[in-house]
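Written out below as structure tokens is the structure these notes cover.
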Amino acid sequence: MKHLTIIFILFLLYLGPVKAQTYEEIIDMPTAEIKAAIDRGTVSERIAVDLYNELAFRYRSKDREEAERLALLADSLAQNINYQKGRSNSQVLFGILSKNKGEYERALIYYDTALAIRQSIKDTIGVISVYNNKANIYRRQFAYKRAINTYQKGLKAIGPNAFPKLRAKLHNNLAETYRINRRFEPALVHLDSSLHIRKILNDTSGLVTTYLAIGTLEYYLKDPATAESNYLRGLSLSKKIQDKTNEAKFYINLGNIKKQQDSLDLALDYFIQASNLGQYMDKDLYIKNDLNIQAILDSFGGSQQYYSLPDSILENSKDQQLNYAQLAKKAYNLGNKYYQIKQFKQAENMYKNALSYLDSFPDLSLSMQAVYNLSQTYYQLKDFENGFVYNNYYNQLRDSLNQRLASGMAIRNQNQNYKNQLLQKENLLLQKENIIQQQKYYRIILISMILLITLIAVYLLDRQRKKIQINGLNTVIKNKETDIIYARLEGIDSERRRVAGALHDGLGSLLSTIRIYFKTIKKQQIQLSPDLQYQFNQTDLLIDKACSEVRQVSHDIENVYSKNFNLKKELEAQVDILRGTKKYNIELDIHNFKEQLDYFLEIKLFRTIQELLNNIIKHAQATDINIQISRFEKRLNIIVEDNGKGFDTNNSGRSTGIGLRNISQRINDLDGQFLIDSRIGRGTVITIDIPIDNKNPNS
217 MKHLTIIFIL
227 FLLYLGPVKA
237 QTYEEIIDMP
247 TAEIKAAIDR
257 GTVSERIAVD
267 LYNELAFRYR
277 SKDREEAERL
287 ALLADSLAQN
297 INYQKGRSNS
307 QVLFGILSKN
317 KGEYERALIY
327 YDTALAIRQS
337 IKDTIGVISV
347 YNNKANIYRR
357 QFAYKRAINT
367 YQKGLKAIGP
377 NAFPKLRAKL
387 HNNLAETYRI
397 NRRFEPALVH
407 LDSSLHIRKI
417 LNDTSGLVTT
427 YLAIGTLEYY
437 LKDPATAESN
447 YLRGLSLSKK
457 IQDKTNEAKF
467 YINLGNIKKQ
477 QDSLDLALDY
487 FIQASNLGQY
497 MDKDLYIKND
507 LNIQAILDSF
517 GGSQQYYSLP
527 DSILENSKDQ
537 QLNYAQLAKK
547 AYNLGNKYYQ
557 IKQFKQAENM
567 YKNALSYLDS
577 FPDLSLSMQA
587 VYNLSQTYYQ
597 LKDFENGFVY
607 NNYYNQLRDS
617 LNQRLASGMA
627 IRNQNQNYKN
637 QLLQKENLLL
647 QKENIIQQQK
657 YYRIILISMI
667 LLITLIAVYL
677 LDRQRKKIQI
687 NGLNTVIKNK
697 ETDIIYARLE
707 GIDSERRRVA
717 GALHDGLGSL
727 LSTIRIYFKT
737 IKKQQIQLSP
747 DLQYQFNQTD
757 LLIDKACSEV
767 RQVSHDIENV
777 YSKNFNLKKE
787 LEAQVDILRG
797 TKKYNIELDI
807 HNFKEQLDYF
817 LEIKLFRTIQ
827 ELLNNIIKHA
837 QATDINIQIS
847 RFEKRLNIIV
857 EDNGKGFDTN
867 NSGRSTGIGL
877 RNISQRINDL
887 DGQFLIDSRI
897 GRGTVITIDI
907 PIDNKNPNS
């Protein structure tokens, strides 16, 4: 039996365990293989949630029902395992799917749920993304004020230094919203901010979008020269990165500027360049561009040079797969143009193209016109046989149309009379019912509104009263706590100064008196033996040294704890110590410290940064440390970043250790914000924001 057990264990070891696949290993697989991996259970439940969400995102446009099913699976599994980030992603997906269906209010509800979750887990990027999505919906609802407020919340959540690419995108969206709302000055300010960030990042794709927005804004501000300059910059960049969609937009906008300036040759050239990129444009933009070309061609009065162009334009339309009715009408109109300038062969081709499109989308009236014009074209080409054939075909179409019209009119008249009689009866009944219902509704609505307004007023008044009471109490508590802290620090400082004074005035004075007495007997030194003279001299030196030491100690105590404490110098000294270990590549950047802060505040900040550095040394296993301290008009921003092993902020036991809790409480006492952004294997970023009074920095 023992041998059988050993053999069985060896057999299991030979087979080996089933390897659990990671998100990175599976996400690039085809969709069917991803589903199979989830079904086999070779991925963890958290990774399964992420994969379901990713698949739902892929299906969001091509199969909405499948996308909803996958998002529901992700949301259900995330709730079961309490995976908050996965659940927030599912809620965002529900919001996107609702938005695509035009259900904007429902989408906003999903986004609010996602926002609450992401705020609770301090997912900064996720929070900003939700703000952006919400603001985009408000723009679709023409609620521009709400959209602007929501974009601004996103910018506030980012802060001044973090996530620059995302910050530039929000600036762009804000500018577009201001422009639509005809508030051009703030729109230009935000576009300048976006441009500045994207130039620093060398974000070519982002710069294309910003130049397009700036050019459009300048065009609205009646500054075509500046608009053209920005369009040309954006066009050059879009060609560089093969962005065909935006390249076509730049050509169309440049064409509009030249058309407005009556430079029709250049305008036509830009519009044709855009038309050559027709497959990258949406249908409406393509038709608009085609109308611009047609209008310029008309203005040239039938010049042969310009009427030789439209064949390529028509081919682009085929690639764009516009509906056949539009293609037929376009070909028919071009045929008329060629006929007018006596280019009958080209006219023949256009009329035949129109008829070929009408085979797929019948239009009897347009067919008759094309057939008749084609017959006349053949007569002009001296091809009387084909002219006669198409003339007969035209007559047949005309007779067919007349018959349809006659029979259709008779039936239509009978149906219309019958419908009119029914409508008259129904209208009379509806009018009576409406009058009765309206009277009932008006009464109910009036009573309901009175009750609702009364309840809202009572609720708001009670809420305001409680809020005022709570705010007053919180203010009193906060002031008392601040008074206690400062009194304690003042007491410590006062006691240390007292000790220094006692040393200086008490012991120092006593030693000085001893030295005076000792000096009076120095005259008798000559009478002493050489050995006693040596001891006398040594005693004299020791008394002098004791006086100096007492004076130095008292001065040191007073200076160390005086209001001359300098945060910048202390931090530089601390950094020099760490550099001396040669274990850390540490950088310290301090900006805009022209004058010192309140010395108690500087001591607190020094202890806080010192505690963070101790945490990095003890736990992070980092090699690179970056400390940034920036002073703004009304606040102080501190960022401490390392490339260590990081930790899971969702693990409450780790993320709220004693050290971090103490720091958080210390910052909270200063009315500041304390944020942690960390991931396992990707280091940690600690961000601290503290309000300061720049008008009286030592108050």
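For the numbering used here, count along the sequence shown from 1 and bump the result up by 216. Cβ coordinates follow ideal geometry from the N, Cα and C atoms, glycine included.
Run the CB neighbour count on residue i, radius 10 Å, all protein chains shown included, and call it buried at 16 or more, exposed below.
i    : result
V674 : exposed
G897 : exposed
A332 : exposed
A544 : buried
N349 : buried
N472 : buried
E564 : buried
N687 : exposed
N532 : Any reading at N532 must be qualified, since the residue scores a pLDDT of 47, below 50, and its modelled position is unreliable; no value is offered.
Q562 : buried
G318 : exposed
I225 : Any reading at I225 is ruled out, since the residue's pLDDT is 44, under 50, leaving its predicted position unreliable.
T824 : buried
L309 : buried
G899 : buried
M665 : exposed
So the candidates are the options; which of them puts its Cα closest to the Cα of residue i?
i    : options                : result
L804 : L582, F863, E857       : E857
E270 : S304, I297, N296, Q295 : S304
S491 : Y467, N569, I473, V791 : Y467
L513 : K499, D485, M497       : D485
K861 : D840, K820, Q881, G422 : D840
F781 : Y750, E282, F822       : F822
I335 : Q495, I374, F273       : Going by the sequence as given, residue 335 is Gln instead of Ile. Closest option to Q335, Cα to Cα, is I374.
N397 : Y573, S314, Y360       : Y360
A264 : K301, Q495, E281       : K301
S616 : D756, G796, M584, Y606 : M584
P376 : I845, I825, K656       : I845
L727 : N365, Y750, K761, Q751 : K761
D506 : A547, D478, Y367       : A547
Y436 : R395, E601, D792       : R395
Y320 : D885, D500, L289, I353 : I353
Y982 : A586, D266, A323       : Because residue 982 is not part of the residues shown, which for the chain are 217 to 915, the question remains open.
Is the beta carbon of residue i less than 8 Å from the beta carbon of residue j?
i    : j    : result
N388 : L407 : yes
L813 : I902 : no
R847 : D905 : no
L571 : L613 : no
L493 : K460 : yes
A464 : A429 : no
R731 : C763 : yes
T425 : E434 : no
N549 : Y567 : no
Y610 : G603 : no
A272 : L293 : no
G311 : Y326 : yes
L828 : K338 : no
L371 : R383 : yes
Y447 : L411 : no
G313 : R274 : In the sequence as presented, Gly is not what sits at residue 313; that position holds Leu. Cβ distance not < 8 Å, so L313 and R274 don't count as in contact.
S306 : D291 : yes
Quick one: give me the first and last residue of the alpha helix (DSSP H) that residue i is part of.
i    : result
I737 : Per DSSP, I737 belongs to no alpha helix (DSSP H) and is neither H nor E.
R898 : Per DSSP, R898 belongs to no alpha helix (DSSP H) and is neither H nor E.
T366 : 360-374
T797 : Looking at the DSSP string, T797 is not in any alpha helix (DSSP H), and its letter there is neither H nor E.
S260 : Segment: none, S260 is in no alpha helix (DSSP H) and carries neither H nor E.
H412 : 400-417
F310 : 300-316
H387 : 380-396
I333 : 320-336
D291 : 280-296
G888 : That residue, G888, is in no alpha helix (DSSP H); it is neither H nor E in DSSP.
By the DSSP assignment, the beta strand (DSSP E) with residue i in it spans what residues?
i    : result
Q844 : 840-847
E857 : 851-858
D805 : 801-807
Tell me, please, whether the CB atom of residue i is closer than 8 Å to any CB atom in chain C?
i    : result
D814 : The displayed structure is made up of one protein chain only, and chain C is not part of it.
Could you name each continuous alpha helix (DSSP H) segment of 4 residues or more that falls completely within the stretch 424-508, going from the start of the chain to the end? 440-456, 460-476, 480-491
What alpha helix (DSSP H) runs, 4 residues minimum, are completely inside the stretch 574-601? 580-596
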